[in-house]
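Residue numbers (my numbering): 1 to 291.
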């Protein structure tokens, strides 16, 4: 995968909105935070150390009511960086309730911020990329390579052709297998999973990112059980539990969608899930995982 600066105006999220701003006079950073659209989230941009840990703060901003942000960095930066969204609220696709992100965060990484970044989309999948990239960098992989490899890794799990941090979810009835459609399906399934496994808490997203950081959805991180609430993440959360949530997403979540759309989208969005699931859960690496 080519190591390209993240400047994504053509990928959506970089224009046509009136976001809240912040920061200084450095390069522009803009995009969206989406679980559903997250309103009132705080954005912090960090330089990344070679081992993938956060370094100096480069700028801050806030999302508007539709989850969009746009602000200028206070400190110009050349090289890898992370944008971290903390807090905010959004509407659950599963229940229609307002969900608080207090105490939780999502991340997206950029290989080079020298020219800023536009159209950046921060989602639970971009957060998985961050977790995997940080684990690879901590193991000695050069950070730009780690970010690119982590992107490819997460793309392969969910059958995506574009990098997660460049994609905006959008489901079209009758055409569920576009990247935008697959991302919409995955986010809806994660929201449904959140209501069941985490008691409605956003902590599930952090737990799943911790789980996949080592390359396998098995409920473990560094050999230890991943914490979730007062207990631990089930070892099937990212595999069979996710598939169950995916295939039970109500068609009414997406305008005009049918049961056939949901089934087809679920199949398309799990093409690589078997490869990162323990053999004991029954998702073969060559199967879609959707059945």
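Beta carbons: idealized from backbone N, C-alpha and C, even for Gly.
Per DSSP, reduced to three states, the secondary structure at residue 87 is coil, with no helix or strand assignment. Residue 68 is bridged by DSSP to 32. C-alpha of residue 108 to C-alpha of residue 229: approximately 24 Å in a straight line. With fewer than 16 other Cβ atoms from the protein chains shown falling within 10 Å of its own Cβ, residue 258 counts as exposed.
Comparing alpha-carbon positions, the option among 280, 26 and 131 lying closest to residue 105 turns out to be 131. Taking residue 251 as reference, the option from 237, 206 and 173 with the minimal CA-CA separation is 173. Residue 266: member of the alpha helix (DSSP H) spanning 259-268, first to last residue. DSSP places residue 166 in the helix class (H, G or I) of the three-state scheme.
For residue 62, the uninterrupted beta strand (DSSP E) segment begins and ends at 54-62. In the structure shown, residue 227 adopts extended strand secondary structure according to DSSP, grouped into three states.
Where residue 119 is concerned, the enclosing beta strand (DSSP E) starts and stops at 117-122. Cβ atoms of residue 149 and residue 141 come within 8 Å of each other, at about 7 Å.
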